[in-house]
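Presented below is the structure to which this report refers.
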Amino acid sequence: MTADGFDPDWPAPLWRKDLTTVYDFAATTLDGKDQPLKAFEGKVLLIVNTASACGFTPQYAQLEALQRAYGPRGFAVLGFPCNQFGGQEPGTANEIAEFCATKYDVTFPMFGKIDVNGDHALPLFDYLKSERPGVLGSKAIKWNFTKFLVDRSGKVVARHGSTTAPQALAVEIEKLL
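Each residue of the sequence shown is one higher than the one before, starting from 4 at the first, in this note's numbering.
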């Protein structure tokens, strides 16, 4: 896999210039495996940039509660650790996995540490930001625990900032299931 999240050996559509859904992207899991997001096709997704040492870190508990409540109905939280905001995700992949498992009993998929802004941003996050800009049209993600809600067809339908509690999204999730 290249630094931008794509594997040159994968078949199209991963190399298309007209990427149209989140399923056209890929990422690396915390345990180092390449994961095409096509594996989540047909599910409602909540894609979140996470951090282990942030004031919003307790949101992991609510994210896990959503996963347990709605997972059986075709929903998944996808967590993407990011160290771009105050260095609040300094851990290695193993440390992040251990933290999530022991502190919050996280069962939803966690991916390798990424950038969400700048030249080295994971292409998935460039796509998410372009589909749902933030306040005043800004595409930049402002902090940890920004949440993107994706419908079953892979289209980004909502963006919520760090201060939005995951449980507050339950009604939106219900409508998409």
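By construction, the Cβ of each residue, glycine as well, lies at the ideal position given by its N, Cα and C atoms.
- DSSP, reduced to helix, strand and coil, places A161 within a strand of the structure shown.
- Annotated as proximal: P84 and M113, with beta-carbon spacing under 8 Å.
- The stretch 134 to 152 makes no contact with the stretch 34 to 44, as fewer than three CB pairs between them are under 8 Å.
- Per DSSP, reduced to three states, the secondary structure at F102 is helical.
- Put simply, the backbone Cα of C103 is about 18 Å away from that of Q170.
- Short of 7 Å from the beta carbon of T60, and not among the five residues preceding or following it, lie these beta carbons of its own chain, in chain order: A54.
- With a threshold of 16 other beta carbon atoms within 10 Å, D108 falls short and is exposed.
- Annotated three-state conformation of Q38 is strand, per DSSP.
- CA-CA distance, A29 to G115, rounds to 11 Å.
- Straight across, the Cα-Cα distance linking T149 with T105 is about 23 Å.
- In this model, Y63 and D154 are separated by some 21 Å (Cα to Cα).
- By the Cβ-count criterion, V119 is buried, with 16 or more other Cβ atoms from all chains shown falling within 10 Å of its own Cβ.
- The shortest CA-to-CA distance from A79 to any of N86, Q70, A100 is the one to Q70.
- In the displayed model, F28 falls within coil according to three-state DSSP, outside both helix and strand.
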